[in-house]
Amino acid sequence: MQADNDPPPTSDAPEENTEVPPMPDADTLDPWEELAAEAAKWKEISLRTAAEIDNLRKRTAREREEAIRYSNQRLLEEILPVIDNFEMGMQAAAQETSSMIYIGMDMVRRQLSDFLASQGVVEIPANGHFDPNLHDAVAEEECSAGDEGRILRVIRRGYKLRDRLLRPASVVVSKMPQASEGGGA
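Put into structure tokens, the structure is as follows:
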């Protein structure tokens with residue numbers, strides 16, 4: 146009999162490792178392929194980010210250029226009523242074109258026109274047909290000569306700042322005369 150304190154019998158066979166290494170699955174990639182896939186993923190992300198940054202840079206430059214180009218729009222909009230009042234004064238002074246008041250006002254008008262032109266402000270043409278994008282019809286008048294929608298006269302001049310509308314021209318447009326109803330009682 147063997148004592149309980151005795152070690153178990155030893156065998157001459159080598160000791161086996163109890164942990165079995167995992168068998169390579171068919172789905173697992175080679176470590177180099179994993180690294181290549183990871184690198185491709187990060188390359189795609191970096192290319193997209195670079196494109197987004199480039200688009201942001203271009204959009205910001207375009208917005209900054211537009212802000213500079215139209216920076217004085219509000220000032221010009223506020224000066225238009227002053228120009229309207231000045232034009233009314235010119236009409237009143239035009240009765241005596243040889244007076245010093247008219248000559249001085251005409252010089253100021255030329256300076257104002259030159260200033261507006263240098264800022265890119267142009268008057269909206271108010272002849273021909275009514276264009277709702279450029280004109281504001283404040284009244285219609287019957288007119289037998291001509292066609293409907295023709296501008297008869299300008300109440301208030303309109304202006305554009307380069308390609309933007311500053312203020313539409315207020316105009317009176319023609320309409321065809323109404324046929325009188327021939328029913329008498």
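For the sequence shown, my numbering gives the first residue as 146, with consecutive numbering after it.
Glycine residues also receive a C-beta, built at the ideal position from the N, C-alpha and C atoms.
All values reported here derive from a predicted model rather than from experimental measurement.
Quick check: the Cα distance between residue i and residue j, rounded to an integer number of angstroms?
i	j	result
Leu221	Arg214	13 Å
Thr205	Ile296	42 Å
Arg254	Glu286	31 Å
Ile198	Val267	38 Å
Val283	Ile190	58 Å
Arg298	Pro270	11 Å
Val316	Arg209	35 Å
Pro322	Ile300	22 Å
Trp187	Lys203	24 Å
Leu192	Arg207	23 Å
Going by DSSP, what residue range makes up the alpha helix (DSSP H) through residue i?
i	result
Arg209	Pro176 to Arg214
Arg307	Segment: none, Arg307 is in no alpha helix (DSSP H) and carries neither H nor E.
Ser258	Met245 to Ser263
Ala238	Gln218 to Ala238
Quick one: is residue i buried, meaning 16 or more other Cβ sit within 10 Å of its Cβ, or exposed?
i	result
Ala262	exposed
His280	buried
Ser319	buried
Candidates the options: which alpha carbon is nearest residue i's?
i	options	result
Arg219	Val316, Ala314, Met233 and Leu310	Leu310
Asp292	Trp177, His274, Arg307 and Arg301	His274
Asp276	Asp251, Ile246, Met235 and Pro313	Pro313
Asn217	Ala290, Ser289, Gln264 and Thr194	Gln264
Need the endpoints of the beta strand (DSSP E) that residue i sits in, please.
i	result
Arg295	No beta strand (DSSP E) contains Arg295, which DSSP labels as neither H nor E.
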